[in-house]
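Residues 370 to 939 in the numbering used here are what the sequence shown spells out, letter by letter.
This report concerns only the one structure given below.
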Amino acid sequence: MSQQFTYYSNELCQIHQEPCTNMCINTKCLQPLCPECIEIHFREHKECQIESLKSCRINCSKKIRQSISEMNQILSLQEMKTLENSTQYIEMCRDSLQQLKQQIIDKIDQYNKKLLQDFSTNLIQAFKESQIREVYNRIKNLIQQLDELETKLETQSDCQIKTIRSVYLLNTSQLIQSANQEAYKEILKLKFPLLVVSQNLNSKLDELFTQSIQIQFKKTTSTMIKIEEKQQLTNNQSIKIQDDQTLNKSPQISQISEIQQIKKQSDFAITMEDYLLPSVQNKMLHYFKYNSYELNLINLDNLKEQKKQNLKISFLIPIFHQSVVTRTGQLYLIGGTTIDNNYPNNKSNGIYLFDKNSLVNVGHLLVSRSSHGCCIIGDYIYSISGLGQNQTLEKTCERYNYILRKSEQLQDCIYPSIASCCVNYNNQFIYKFGGLYEKQQMNFIERFNIKDMIWQVIDPQIASKDIHLFKGFKQFATGIQISPNTLMIFGGYDENTVSSNQSFLFTIKGENHILHMVNVKPLKIPGGFWHQQCIIYKQELFVIQNQENKDGESIEAKTILHFKDRWITA
């Protein structure tokens, strides 16, 4: 034995403190043994299988080589099968896609028939509910009256002075324009059944494509697995492939979920530059307290740093005014309703500049107003719609050049309203969302083209999955442009002054307008915004939200909101 090469382990026997030379290879034991332990181990172990360390080493090497060989064999077989079956897989997928194509065409035909029927039903119902027939009857009556005048002129034998005078005094242009506007307004309302049908179509098609592709994918995958299993049996290999199912699992579902989550985050990413110019030293959020002398300033770099200033002014701050800060940091207060016992609900036409703890009158609105939309673009402050003197609903629009200190009248909006949300888009357009008209929530969007100086109605598409979530355009909502082609609109009250936590994105691609992502990022606290100007600073959105008491009534306390991927209250 002394002539033979013996393998010793560095590990010493715990009992005899001698190097281990052998090992029990029973998988339930695997204990290293020194020469003195071997005999003892035989007595203690019923199924003792003792091998020298050298034999153990050789056996382990054989096992590893065999495993490597088997794994190489698996790899080779899989590569061969992939090459052999690629053509078959391609043909199978082509056939499946052709079947899918035909199924989709058949489904679209079925949906087309149903949607045409729905459209017909909706349109008939819309006609019943609309005022269009009354408008048509009024126009017919006007035509009849004009016919009677013409008949009198042609048939009367006397001088017809009275008839001639009445015709000359008749403002036919105004009659025609008024009739046309009334009819146009009612016809616009009839577009909604078509919009609903088109939205339903998009919804159905989205569901159809998703379901069909998933079903077809499952069918194709199932067939491929069956072919794989069949080939495994045919080959009759002794190689055992572990975790077959994991090879067939597709990561697509989890990946799609991740992609959708990332897309949602990117849709809400704020990429617009800071609103306030770098030259503005004190970057502040602000609001004037209604019916007081108080101005509140909040430091955007430290929202807990808030300052109240008692202004040296001879009048109380009007309620339902608008106030905006320019990019250069100048603060303006525009319009509102003054609280005066002698003149209740008197509308202000004042334009005031905050200067040295006071408000300096630097101009006048052409139309006194409160609860109006307000937007600042370039050197101009735009005042849109609102409530005028004697509580009249305004559709007038004007702008004030704060450099030249001069106001000018612009084309009227299409619809009068109060408390609309007005948002600047790329310094080219102003989008006016909703508001109130005769105590009813308005579900219209208007757009003002700053270059052409004209208003037009915008008919947006609504993402199919968002139709049932969207609750209309609220009064005292607010919004801002957050990226090159996206506006974010949020909050407000309905016609019953119930607070809303609704938010949505409004994406603009040329002349296509898409309303989507409804309540993906709802407000933490439902509510509206009397102070509607939002400010972007360091890729975050900041705005002042109304607070409500336990009875749901707005109070003078305010909440500071800021948004970056999610809403945060300061």
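Cβ atoms here follow ideal geometry from the backbone N, Cα and C, with glycine treated the same way.
Terminal residues of the beta strand (DSSP E) in which residue i lies
{"i": "Asn665", "result": "Glu663 to Asn668"}
{"i": "Asp724", "result": "Gly719 to Asp724"}
{"i": "Leu874", "result": "Ser872 to Lys878"}
{"i": "Asn391", "result": "Asn391 to Cys393"}
{"i": "Asn795", "result": "Counting along the chain, Asn795 falls outside any beta strand (DSSP E), and DSSP gives it neither H nor E."}
{"i": "Lys933", "result": "Taken as a continuous stretch (DSSP letters only), Lys933 belongs to no beta strand (DSSP E), as it is neither H nor E."}
{"i": "Val731", "result": "Ser727 to His733"}
{"i": "Asn881", "result": "Asn881 to His885"}
{"i": "Tyr906", "result": "Ile904 to Tyr906"}
{"i": "Val889", "result": "Here Val889 belongs to no beta strand (DSSP E), and DSSP marks it neither H nor E."}
{"i": "Phe657", "result": "Met653 to Phe657"}
{"i": "Val912", "result": "Glu909 to Glu917"}
{"i": "Leu399", "result": "Leu399 -> no beta strand (DSSP E), and no H or E assigned at all."}
{"i": "Glu642", "result": "Counting along the chain, Glu642 falls outside any beta strand (DSSP E), and DSSP gives it neither H nor E."}
{"i": "Lys314", "result": "No answer is possible for residue 314: the residues shown for the chain start at 370 and end at 939."}
{"i": "Leu700", "result": "Leu700 to Ile703"}
{"i": "Ser421", "result": "Ile419 to Ser421"}
Span of the alpha helix (DSSP H), counted from its first residue to its last, around residue i
{"i": "Thr520", "result": "Ile501 to Thr524"}
{"i": "Glu413", "result": "Pro404 to Glu413"}
Assumed close pair residue i, residue j - CB separation to whole angstroms, cut-off 8 Å
{"i": "Glu815", "j": "Cys790", "result": "The Cβ separation is near 11 Å, so there is no contact."}
{"i": "Phe873", "j": "Phe839", "result": "7 Å"}
{"i": "Phe966", "j": "Ile858", "result": "Because the chain is modelled from 370 through 939, residue 966 falls outside the range shown and cannot be assessed."}
{"i": "His385", "j": "Glu405", "result": "5 Å"}
{"i": "Thr928", "j": "Ile905", "result": "Not confirmed; about 18 Å, so no contact."}
{"i": "Leu910", "j": "Asp835", "result": "Rounded, the Cβ-Cβ distance is 21 Å, inconsistent with contact."}
{"i": "Asn718", "j": "Leu728", "result": "Contact doesn't hold; Cβ gap of about 14 Å is too wide."}
{"i": "Ile720", "j": "Tyr701", "result": "6 Å"}
{"i": "Lys843", "j": "Tyr862", "result": "6 Å"}
{"i": "Glu420", "j": "Cys403", "result": "Contact flag wrong, Cβ pair sits at about 14 Å."}
{"i": "Ile827", "j": "Asn796", "result": "Contact flag wrong, Cβ pair sits at about 18 Å."}
{"i": "Met822", "j": "Gln780", "result": "6 Å"}
{"i": "Tyr659", "j": "Ile639", "result": "Incorrect: roughly 30 Å between the Cβ atoms, too far for contact."}
Residue i burial status per 10 Å Cβ neighbour count (16 or more: buried)
{"i": "Gly896", "result": "buried"}
{"i": "Lys890", "result": "buried"}
{"i": "Arg768", "result": "buried"}
{"i": "Gln435", "result": "exposed"}
{"i": "Leu399", "result": "exposed"}
{"i": "Cys429", "result": "exposed"}
{"i": "Thr603", "result": "With a pLDDT of 49 at Thr603, under the threshold of 50, the predicted position of this residue should be treated as unreliable, though the coordinate-derived value follows. Looking at its Cβ environment, which holds fewer than 16 other Cβ atoms inside 10 Å, Thr603 is exposed."}
{"i": "Ile610", "result": "In this predicted model, Ile610 has a pLDDT of only 33, less than 50, meaning its place in the structure is not dependable; the value taken from the coordinates is given anyway. Under this definition Ile610 is an exposed residue."}
{"i": "Thr490", "result": "exposed"}
{"i": "Leu669", "result": "buried"}
{"i": "Ala926", "result": "exposed"}
{"i": "His837", "result": "exposed"}
{"i": "Asn379", "result": "exposed"}
{"i": "Ser445", "result": "exposed"}
{"i": "Lys440", "result": "Here residue 440 turns out to be Met, not Lys, going by the sequence shown. It counts as exposed."}
{"i": "Leu616", "result": "With a pLDDT of 34 at Leu616, under the threshold of 50, the modelled position of that residue is not reliable, and no figure is offered here."}
{"i": "Asn391", "result": "buried"}
{"i": "Asn549", "result": "exposed"}
{"i": "Pro853", "result": "exposed"}
{"i": "Phe496", "result": "exposed"}
{"i": "Pro620", "result": "In this prediction, Pro620 scores a pLDDT of 41, lower than 50, which makes its location untrustworthy; the coordinate-derived value is nonetheless stated afterwards. So Pro620 ends up on the exposed side."}
{"i": "Glu763", "result": "buried"}
{"i": "Ala832", "result": "buried"}
{"i": "Gln471", "result": "exposed"}
{"i": "Pro647", "result": "exposed"}
{"i": "Leu773", "result": "exposed"}
{"i": "Lys801", "result": "buried"}
{"i": "Ser438", "result": "exposed"}
Closer than 6 Å: residue i CB and nearest the ligand ATP heavy atom
{"i": "Asn714", "result": "As far as ligands go, the structure on display features none, and thus does not contain the ligand ATP."}
Practice task
For the segment 755–769 and the segment 713–721, state whether three or more C-beta atom pairs, one from each stretch, are separated by less than 8 Å.
Solution key: yes
Problem - Three CB pairs or more closer than 8 Å across the segment 855–874 and the segment 646–663 - result: no
Handout entry: Secondary structure, alpha helix (DSSP H): runs of 4+ residues fully inside the segment 746–770
Key = none
Exercise for the section: Could you pull out every unbroken beta strand (DSSP E) segment of at least 3 residues lying fully inside the segment 672–697, listed in chain order? Expected result: 675–679 and 691–694
Practice task
Specify whether the segment 668–683 and the segment 691–703 touch according to this definition: at least 3 beta carbon pairs, one from each stretch, less than 8 Å apart.
Solution key: no
Exercise for the section: Determine, using beta-carbon pairs with one atom in the segment 697–711 and one in the segment 735–755, whether at least three such pairs fall under 8 Å. Expected result: yes
Practice task
Just list the beta strand (DSSP E) runs in the segment 801–858, keeping only unbroken ones of 3 residues or longer that don't cross its boundaries, in chain order.
Solution key: 814–818, 823–827 and 847–852
Exercise for the section: Evaluate the contact criterion for the segment 418–428 versus the segment 458–476: three or more CB pairs, one atom per stretch, below 8 Å. Expected result: no
Practice task
Please list the segments of the alpha helix (DSSP H) lying wholly inside the segment 423–472, counting only runs of 4 or more residues, in order along the chain.
Solution key: none
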